[in-house]
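Peer 1:
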Amino acid sequence: MFGDQPPSGTQRLGILLLNRFSTMALSSVLEPLRMSNAMTGKNLYDWSILSTDGKPVQASNGMENLVNASMDTHQHFPMIVVCASYDPQLVATRNVLLWLRRQARHGAIIGAVDTGSYVLAKAGLLDSYRATIHWEHIDSFSEEFPDVETVQDIFVTDRNRFTSAGATASLDMSLHLIRAQHGPELAMQVAEQFIHYGIRDSHAPQRPGTAERLALHSPKLGKALGFMAENMEEPVPTSLIANHAGLSTRALERL
846 MFGDQPPSGT QRLGILLLNR FSTMALSSVL EPLRMSNAMT GKNLYDWSIL STDGKPVQAS
906 NGMENLVNAS MDTHQHFPMI VVCASYDPQL VATRNVLLWL RRQARHGAII GAVDTGSYVL
966 AKAGLLDSYR ATIHWEHIDS FSEEFPDVET VQDIFVTDRN RFTSAGATAS LDMSLHLIRA
1026 QHGPELAMQV AEQFIHYGIR DSHAPQRPGT AERLALHSPK LGKALGFMAE NMEEPVPTSL
1086 IANHAGLSTR ALERL
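Numbering (the numbering used here), first residue to last: 846 to 1100.
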């Protein structure tokens, strides 16, 4: 359902900004949609920026973002995106949860970026769904919401719900929406405009593995660890690992 083309030809979105939201995540959602409109000369996407009371919302970087309306001004949106970041438990207020539940009852496709997933889960809108959240919150999120199938993917689309880990992961998610609704060629053209080559799959990890992180400090150690990971079932002698990495055995052991 996430990638179905709307009957009207224009995908309408309501984007709810909650206090201390991430401007990077918001831009990653919106800019690909804006660029799609600009490149095709068509109104493929149309959005309204909402707040709980119609007043500007302060982002996590201190900037205040103007909005189009209060969330209660519009009765129904076909698609909704909840943008949150720090302290999601403080912005998952009763009126926000009730509004989201009403939108769900009207059949809205509802999603979230960064810690907005927490708000959806608190509203009960992710029960029995696959979902993700920023890696810093994965453990506490899965513990608090056992009925949600929490995964560590950069973004997840599951029927009429979608979630993103935030930041640039939201860019890949928006490009995925464009690709699903208007084809891979437009999605790639939009990605190229943002110097973003190779649209990541949803299953891409949020963080690099141990070998990748250590390779930043010692490429040869990273190479050795990668070789070890490839041979987990039959452990390889240290001398062979060292040779593969271009190191002496003593140097490898010291690293």
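A virtual CB, placed ideally from N, CA and C, is assigned to each residue, including glycine. These figures come from a predicted structure and were not determined experimentally.
Ala1087: buried (16+ other C-beta within 10 angstroms of its C-beta) or exposed?
Peer 2: With 16 or more Cβ atoms within 10 Å of its Cβ, Ala1087 is classed as buried.
Peer 1: Please name the residue, chosen from Thr1008, Ala937 and Gly859, that lies closest to Ile999 on a Cα-to-Cα basis.
Peer 2: It is Thr1008.
Peer 1: Should Val958 and Gly907 be called a contact, given that it needs their Cβ atoms to be closer than 8 angstroms?
Peer 2: Against a cut-off of 8 angstroms, the Cβ pair of Gly907 and Val958 comes out as no contact.
Peer 1: Consult DSSP for Val941 and reduce its assignment to one of helix, strand or coil.
Peer 2: Helix.
Peer 1: With 16 as the cutoff for other CB atoms within 10 Å, does Leu1085 come out buried or exposed?
Peer 2: With fewer than 16 Cβ atoms within 10 Å of its Cβ, Leu1085 is classed as exposed.
Peer 1: Could you have a look at Glu909 and say whether DSSP puts it in helix, strand or coil?
Peer 2: It is a strand residue.
Peer 1: Run through the region 943-987 for me and flag every whole alpha helix (DSSP H) of 4 or more residues, listed as ranges in chain order.
Peer 2: Here the runs fully enclosed are 961-967.
Peer 1: For a test of the three-state rule: what should DSSP assign to Ser867, helix, strand or coil?
Peer 2: In this structure, Ser867 counts as coil in the three-state DSSP scheme.
Peer 1: Out of Gln850, Phe1039 and Met1018, which has the shortest C-alpha to C-alpha gap to His1048?
Peer 2: Selected option, being the one with the closest Cα: Met1018.
Peer 1: For Ala1096, report the span of its alpha helix (DSSP H) as first-last.
Peer 2: Unbroken alpha helix (DSSP H) run through Ala1096: Thr1094 to Arg1099.
Peer 1: Ends of the beta strand (DSSP E) at Thr1008?
Peer 2: That run of the beta strand (DSSP E) goes Arg1006 to Ser1009.
Peer 1: Any idea if Ser973 is buried or exposed, counting beta-carbon neighbours within 10 angstroms, 16 or more meaning buried?
Peer 2: Its Cβ having fewer than 16 others within 10 Å, Ser973 is exposed.
Peer 1: In whole angstroms, what separates the C-alpha of Pro923 from that of Asp932?
Peer 2: Roughly 27 angstroms between the two C-alpha positions.
Peer 1: Which value, in whole angstroms, describes the spacing of the CA atoms of Ile954 and Met846?
Peer 2: Between Ile954 and Met846, the C-alpha separation is close to 8 angstroms.
Peer 1: Quickly, what does DSSP pair Gln856 with across the bridge? List them, please.
Peer 2: In DSSP, Gln856 forms a bridge with Tyr890.
Peer 1: Assuming the contact rule is C-beta atoms closer than 8 angstroms, Asp917 and Trp944 should be a hit. Round their C-beta distance to whole Å, please.
Peer 2: Confirmed, Cβ separation roughly 7 angstroms.
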